[in-house]
Structure formats: C-alpha cells, structure tokens
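Participant: Have a look at this one before I ask anything.
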Amino acid sequence: MDCDILIIGAGFTGLSAALHLSELEQDVVVVDAVEPGYGASGRNGGQVIPGLKLYPEEVRKQLGDEKGNAVINATNRSADLVFDLIKKYQIDCKANRNGFIQPAFSNTSCGVIRSRVELLSKLGAPVELLDKETTAEYLGTSSYFIALLDKRGGSLQPLSYARGLAKAAIRQGVKIYSNALVNKIKPLQDRWQASTQKASINANRILICTNGYSDLNNNPGLWPGLNRSIIPLHSFQVATQPLSNKLRQSILPHGHVASDTKRLLNYFRLDHEGRLILGGSGNIYEGKSIRDFSHIVKRIQSLFPQITEPQFEFYWSGKIALTMSGLPHIHEMAPGVYSGLGYNGRGVGMATLMGQWLAELVTDGGQIPGMLPLTTIKPIKLQSFRKPVITATYFWKSLQDRVEGRQKPI
Ligand SMILES: Cc1cc2nc3c(=O)[nH]c(=O)nc-3n(C[C@H](O)[C@H](O)[C@H](O)COP(=O)(O)OP(=O)(O)OC[C@H]3O[C@@H](n4cnc5c(N)ncnc54)[C@H](O)[C@@H]3O)c2cc1C
Numbered sequence: 001m002d003c004d005i006l007i008i009g010a011g012f013t014g015l016s017a018a019l020h021l022s023e024l025e026q027d028v029v030v031v032d033a034v035e036p037g038y039g040a041s042g043r044n045g046g047q048v049i050p051g052l053k054l055y056p057e058e059v060r061k062q063l064g065d066e067k068g069n070a071v072i073n074a075t076n077r078s079a080d081l082v083f084d085l086i087k088k089y090q091i092d093c094k095a096n097r098n099g100f101i102q103p104a105f106s107n108t109s110c111g112v113i114r115s116r117v118e119l120l121s122k123l124g125a126p127v128e129l130l131d132k133e134t135t136a137e138y139l140g141t142s143s144y145f146i147a148l149l150d151k152r153g154g155s156l157q158p159l160s161y162a163r164g165l166a167k168a169a170i171r172q173g174v175k176i177y178s179n180a181l182v183n184k185i186k187p188l189q190d191r192w193q194a195s196t197q198k199a200s201i202n203a204n205r206i207l208i209c210t211n212g213y214s215d216l217n218n219n220p221g222l223w224p225g226l227n228r229s230i231i232p233l234h235s236f237q238v239a240t241q242p243l244s245n246k247l248r249q250s251i252l253p254h255g256h257v258a259s260d261t262k263r264l265l266n267y268f269r270l271d272h273e274g275r276l277i278l279g280g281s282g283n284i285y286e287g288k289s290i291r292d293f294s295h296i297v298k299r300i301q302s303l304f305p306q307i308t309e310p311q312f313e314f315y316w317s318g319k320i321a322l323t324m325s326g327l328p329h330i331h332e333m334a335p336g337v338y339s340g341l342g343y344n345g346r347g348v349g350m351a352t353l354m355g356q357w358l359a360e361l362v363t364d365g366g367q368i369p370g371m372l373p374l375t376t377i378k379p380i381k382l383q384s385f386r387k388p389v390i391t392a393t394y395f396w397k398s399l400q401d402r403v404e405g406r407q408k409p410i
C-alpha cells in the first residue's frame with residue numbers, strides 16, 4: 001500500500017491529525033493495532049478540561065515567560081477545539097459544556113486554586129472562585145474547601161467521540177485500518193516503510209500517535225527510545241448504576257465535571273444516563289477484578305455517603321502517559337517522522353490539539369503559534385525499574401495527600 005501520510009494509532013491524537021489533514025486534502029492512511037478508540041481515548045473519564053495539567057507557573061518556569069505564555073494561551077483553547085469539531089462534524093457523543101470544577105482539598109491547594117482563578121481571569125477565561133458552600137452544593141459533597149469553576153469545560157462519551165472523529169475522517173476520504181499492529185518502520189530510499197504482519201505501507205511522512213500504548217503487545221517500540229520517554233500508568237474508573245432522581249439532584253446537579261487538586265487525584269461526573277463515574281490513580285498493572293478497584297469504591301463512599309448502598313455496573317482501566325517534565329512531548333525523530341504524546345492524564349482536549357499541531361507541522365513545517373517546542377526523545381533513565389519506583393512514588397504521594405488533607409480550613 002502507498003500513501004502520502006501514514007498515522008500509527010487511532011486515538012484522539014491520530015484521529016484529530018487525520019481529520020485536520022483531510023481538511024487540507026492530504027492523502028492519509030490511519031492504522032491501529034486494535035481499532036479506533038481502543039487506547040486511552042475510548043476509556044477515559046470524558047472530562048473536557050481546557051489547558052495543560054501542569055500549572056501555568058510551572059509552564060513558565062520551564063519554557064520562559066514568552067514561550068510559556070504563548071503555550072498557555074494556545075493550550076487554553078483545547079476545549080474550544082473539541083466542541084468546535086463536535087459541532088462541525090455533528091459528532092453524537094453526548095457532549096455538554098456545563099463547566100469544569102477543580103475543588104481544593106487542603107489549605108495549601110486553596111492557594112493554588114486562588115492563583116489559578118486570578119491568572120485565568122487575566123487571560124479573559126470565564127472562570128469563578130466558588131466558596132465552600134457553593135462548592136458543596138455544585139458537587140454534592142462537603143469534602144472540599146473552595147473550587148475553581150471553568151465554564152469552558154464539559155463532558156463527552158469518549159468512545160463515541162473517538163468513533164465520531166474516525167467516521168468524520170472516513171467521510172473526508174481518510175482510510176482507517178483496524179487490527180493492524182505496526183511492528184517496524186524503516187527508511188525506503190527517500191520514503192518510509194511501515195510493516196504489519198500482513199502488509200507493508202510506504203509513506204512520505206509518518207506520525208506515531210501511540211501514547212501510553214506504545215509498548216502494546218510487548219512491541220519493542222516503533223522508534224528507538226520512544227517507549228522509554230514516557231511512564232505508562234493505569235488509571236482506574238468505576239461507574240455506579242444510574243442514580244435515583246433524588247441522588248441526581250444532590251450530586252453534580254448542574255452537570256459539571258470535577259477533578260480535585262490531590263496528587264493522586266479523584267475525578268468524577270455523571271454520565272448521560274445518571275451513572276456516577278469516578279476515577280483515580282491506579283497501578284502499573286491493569287485492573288481486572290472489582291477487588292482491584294476497592295480504593296476507588298472507598299472514595300465514592302467517603303465523598304458521597306448519601307449513596308447508601310452503591311451498586312457498581314462497570315469498572316475498567318486504561319493507560320495514561322506521564323512525562324518527567326509534566327509537559328506533553330512533540331518530536332521530529334527523522335525528516336518526515338513525528339510523534340506527539342505524554343498528556344499526563346489530561347488528553348481529551350490536549351490530544352485533539354496535538355493532532356491539529358501535527359497536521360500543521362507535517363504539511364507546513366513552519367512556526368505554529370503557541371506550539372510546545374519540538375524536542376528530541378530522551379529515554380527516562382531507570383525506566384526499566386519503573387515498577388518499584390512507581391509503587392514507592394504512589395505511596396509517598398498518597399501519604400503527602402493524607403497529611404495535607406488533615407489541614408483544617410483557615
Ligand atoms: C482511565 C483514563 C481516564 C482519563 N480521563 C481523562 C479525562 O477525563 N480527561 C482528559 O482530558 N484526559 C483523560 N485521560 C487521558 C486521555 O484519555 C489521553 O491523554 C488521550 O486519550 C490520549 O490519546 P492518544 O490518541 O494520544 O492515545 P491513545 O488513545 O492511547 O491511542 C493510542 C493508540 O495507538 C494504538 N497503537 C499502539 N501501538 C500501535 C502499533 N504498534 N501499531 C498500531 N497501533 C498502535 C493503540 O491501539 C491505541 O488505539 C484519561 C486516560 C485514562 C487512561
């Protein structure tokens with residue numbers, strides 16, 4: 001098979017890149033080892049949150065004021081991009097834009113929330129600082145002190161969004177192949193050749209969009225060092241049975257989504273059928289039985305004691321990709337070969353934006369305002385010892401959260 005641009009990985013990054021490239025009338029093929037949305041994109045919490053996970057002060061510290069501000073501004077429009085694509089391509093994914101709440105769980109994090117509200121207000125974002133009573137009313141739990149309300153955020157059904165992007169791209173002429181695990185990429189004269197078990201695809205340019213699934217099926221890696229440039233970690237979620245009308249009036253009654261300020265954060269929302277979906281940090285291993293999810297179940301019980309006998313309908317996990325800097329990575333590994341990954345668990349908006357950046361980069365190659373800097377791949381040292389390191393880090397962060405959580409409101 002032959003194409004101009006080959007995209008490996010059909011999550012939000014790869015599908016957004018494909019859709020944006022199709023708007024530029026490029027000849028695009030997308031392949032996925034399993035199917036569109038198989039990775040984090042089909043399994044996530046469905047919270048559309050503008051901006052980067054990393055706090056703005058830290059972004060500026062790492063990139064300098066000028067570049068940092070440009071990146072903060074550009075990434076702040078990631079939620080707009082998601083909702084614009086949904087509207088433009090009529091994607092049925094139960095999207096709503098009722099706002100994102102970030103509640104503070106300690107005095108220390110109240111400071112963070114206040115400065116975030118101040119900074120975002122200066123940028124003209126529609127944000128508000130919620131006092132303790134309003135936070136409790138909007139969330140349905142009195143566990144938090146104050147909160148940031150960002151009206152640009154919202155929610156969607158993630159697998160439907162991924163499939164909707166794929167359908168829109170197909171309508172625009174993109175070819176998408178499932179069950180096509182690429183196991184090798186090699187140069188072929190002045191082009192590239194990617195091989196799956198059944199086929200070879202020759203392309204002028206390649207985008208590798210495999211994020212936390214870069215080591216799928218123990219694939220040694222499509223590009224040297226790429227697997228080891230991120231730390232894949234499972235995030236765990238459970239969904240209750242649809243809540244009664246009475247409970248829906250007390251828990252997230254205005255349809256907000258929420259992710260708190262803990263190091264091992266809790267994120268929760270009601271889905272379109274009234275299930276409470278709550279997620280949190282997981283493990284290096286995939287969650288399999290409900291027992292693996294007992295820590296998440298306990299959080300539901302402590303945050304929402306009004307659900308007296310919670311019944312759980314679904315539980316699942318998926319892999320996020322952490323980076324050492326907390327910033328996503330964008331690489332040009334060789335002429336015409338690019339990758340974008342490492343959203344640190346905040347990728348519904350960011351991966352969609354990354355796809356747009358990759359599409360512009362691969363066609364234009366010029367300066368894209370507000371894009372993160374292109375970097376070289378830096379494999380994380382000791383990544384092979386990640387299991388004990390992650391386990392130790394997990395306990396350390398959970399201890400810090402517990403100590404900080406004992407602070408009394410000032
Ligand atoms: C449980 C969970 C909850 C989350 N909640 C939120 C949230 O509420 N809000 C938010 O903003 N972010 C959230 N995230 C993060 C967000 O889902 C991800 O950042 C985003 O989906 C990443 O998209 P992606 O396309 O880069 O990667 P993925 O969606 O992981 O896609 C990678 C794809 O590459 C394919 N692939 C891998 N190797 C190969 C190969 N060799 N050949 C072919 N194909 C290959 C895989 O099959 C997969 O489909 C969450 C993540 C998880 C796991």
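Using UniProt numbering, you'd call the opening residue of the sequence shown number 1 and step up by one each time. Using N, Cα and C, we set each Cβ at its ideal position, and we do this for glycine too. Small disclaimer: the values here were computed from a predicted structure and weren't measured.
Closer than 6 Å to a non-hydrogen atom of ligand 1 - does that hold for the CB of A351?
Facilitator: A351: yes, Cβ under 6 Å from ligand 1.
Participant: Below 6 Å, is the gap between the Cβ of Y343 and the nearest heavy atom of ligand 1?
Facilitator: Result yes, Cβ under 6 Å from ligand 1.
Participant: Return the CA-CA distance between G405 and N107, expressed in angstroms with no decimal places.
Facilitator: About 8 Å.
Participant: If distances are taken between C-alpha atoms only, which option among P310, G318, G37 and A33 comes closest to L165?
Facilitator: Of the listed residues, the one whose Cα sits closest to L165 is G37.
Participant: Count Cβ pairs between the stretch 343 to 362 and the stretch 239 to 255 that sit closer than 8 Å; are there 3 or more?
Facilitator: Cβ pair count under 8 Å is below three, so no.
Participant: Can you tell me which of Y213, L327 and Q241 puts its alpha carbon nearest to the alpha carbon of K53?
Facilitator: Considering only alpha carbons, the answer is L327.
Participant: Determine whether the beta carbon atoms of I206 and L6 lie at a separation below 7 Å.
Facilitator: Against a cut-off of 7 Å, the Cβ pair of L6 and I206 comes out as a contact.
Participant: Rounded to whole angstroms, what's the CA-CA distance from G14 to V48? Just pull it up for me.
Facilitator: Rounded to whole angstroms, G14 to V48 spans 18 Å at the Cα level.
Participant: Give me, in chain order, the residues of the same chain whose beta-carbon lies closer than 6 Å to that of G274; leave out the 5 immediate sequence neighbours on both sides.
Facilitator: So the list reads P242, L243 and R248, once near-sequence residues are dropped.
Participant: Taking the alpha-carbon positions, what's the P369 to K67 distance?
Facilitator: Their backbone Cα atoms lie some 9 Å apart in a straight line.
Participant: If you follow the beta strand (DSSP E) that H329 is part of, which residue opens it and which one closes it?
Facilitator: Run containing H329: H329 to A334, per the beta strand (DSSP E) assignment.
Participant: In the DSSP assignment, find the unbroken alpha helix (DSSP H) run with I113 in it and report its ends.
Facilitator: That run of the alpha helix (DSSP H) goes N107 to K122.
Participant: Please classify T376 as buried or exposed, where buried requires at least 16 neighbouring CB atoms within 10 angstroms.
Facilitator: Exposed, because fewer than 16 other Cβ atoms sit within 10 Å of the Cβ of T376.
Participant: For the stretch 163 to 194, list the alpha helix (DSSP H) runs that are entirely contained and at least 4 residues long, ordered along the chain.
Facilitator: Within the stretch 163 to 194, no complete alpha helix (DSSP H) run reaches 4 residues.
Participant: Going by DSSP, which residues form a beta bridge with Y315?
Facilitator: Answer by DSSP bridge pairing, in chain order: V238.
Participant: Answer yes or no: do S22 and V127 have a C-beta to C-beta separation smaller than 7 Å?
Facilitator: No, the pair does not count as a contact, with Cβ atoms beyond the cut-off.
Participant: Would S235 and E286 be called neighbours here (beta carbons separated by less than 7 Å)?
Facilitator: Taking 7 Å as the Cβ cut-off, S235 and E286 do not qualify as a contacting pair.
Participant: Once you ignore the five residues that flank S229 on each side, which residues in its own chain have a CB closer than 7 Å to its CB?
Facilitator: Excluding positions up to five away in sequence, the list reads H329, I377, K378, P379 and I380.
Participant: Find out if the Cβ-Cβ distance for the pair F100, D150 is shorter than 7 Å.
Facilitator: Cβ atoms of F100 and D150: closer than 7 Å.
Participant: Which residue comes first and which comes last in the alpha helix (DSSP H) that contains L156?
Facilitator: Looking at the DSSP string, L156 is not in any alpha helix (DSSP H), and its letter there is neither H nor E.
Participant: Consider the C-beta atom of G366 and the heavy atoms of ligand 1; say whether any pair is separated by less than 6 Å.
Facilitator: Flag unset: Cβ of G366 not near ligand 1.
Participant: Looking only at its own chain, which residues have a Cβ that is under 8 Å from the Cβ of G302, when we skip the five neighbours before and after it?
Facilitator: For clarity, residue 302 is Ser in the given sequence; the question names Gly instead. S143.
Participant: Can you find a C-beta in chain B that's less than 7 Å from the C-beta of K262?
Facilitator: Absent from the structure is chain B; it holds one protein chain and no more.
Participant: Looking at the secondary structure, which residues open and close the alpha helix (DSSP H) in which I86 lies?
Facilitator: Here the alpha helix (DSSP H) through I86 covers S78 to K88.
Participant: If you draw a straight line from the C-alpha of E118 to the C-alpha of D80, how long is it?
Facilitator: Their Cα atoms are separated by approximately 21 Å.
Participant: Would S78 and M333 qualify as a contact pair, given that the criterion is a beta-carbon distance under 7 Å?
Facilitator: No.
Participant: Give a yes or no on whether the C-beta atoms belonging to V31 and Y213 are separated by under 7 Å.
Facilitator: The answer is no: Cβ separation not under 7 Å.
Participant: Cβ of G153 within 6 Å of any heavy atom in ligand 2?
Facilitator: Absent from the structure shown: ligand 2. Ligands present: ligand 1.
Participant: Note down the Cα distance separating L353 from G11, rounded to an integer number of angstroms.
Facilitator: Going by the C-alpha atoms only, they are around 12 Å apart.
Participant: So M324 and A74 are supposed to be a Cβ contact under 8 Å. How far apart are they, rounded?
Facilitator: Actually they are not in contact, since the Cβ atoms of M324 and A74 sit about 22 Å apart, beyond 8 Å.
Participant: Would you say L54 touches ligand 1, meaning its beta carbon is less than 6 Å from a heavy atom?
Facilitator: L54 Cβ: outside cutoff for every heavy atom of ligand 1.
Participant: Is there contact here, the stretch 177 to 188 with the stretch 154 to 164, by at least three beta-carbon pairs under 8 Å?
Facilitator: The stretch 177 to 188 vs the stretch 154 to 164: no contact.
Participant: Say the cut is 6 Å; is the CB of L216 nearer than that to a heavy atom of ligand 1?
Facilitator: Indeed, a heavy atom of ligand 1 lies less than 6 Å from the Cβ.
Participant: Report yes if the C-beta of I320 is less than 6 Å from at least one heavy atom of ligand 1; otherwise report no.
Facilitator: Yes - ligand 1 has a heavy atom lying nearer than 6 Å to the Cβ of I320.
Participant: Can you tell me which of N96, L63, E25 and L216 puts its alpha carbon nearest to the alpha carbon of I8?
Facilitator: Here the closest residue by C-alpha is L216.
Participant: Would you give the residue range spanned by the alpha helix (DSSP H) that Q102 belongs to?
Facilitator: From DSSP, Q102 is part of no alpha helix (DSSP H) but of the beta strand (DSSP E) over F100 to P103.
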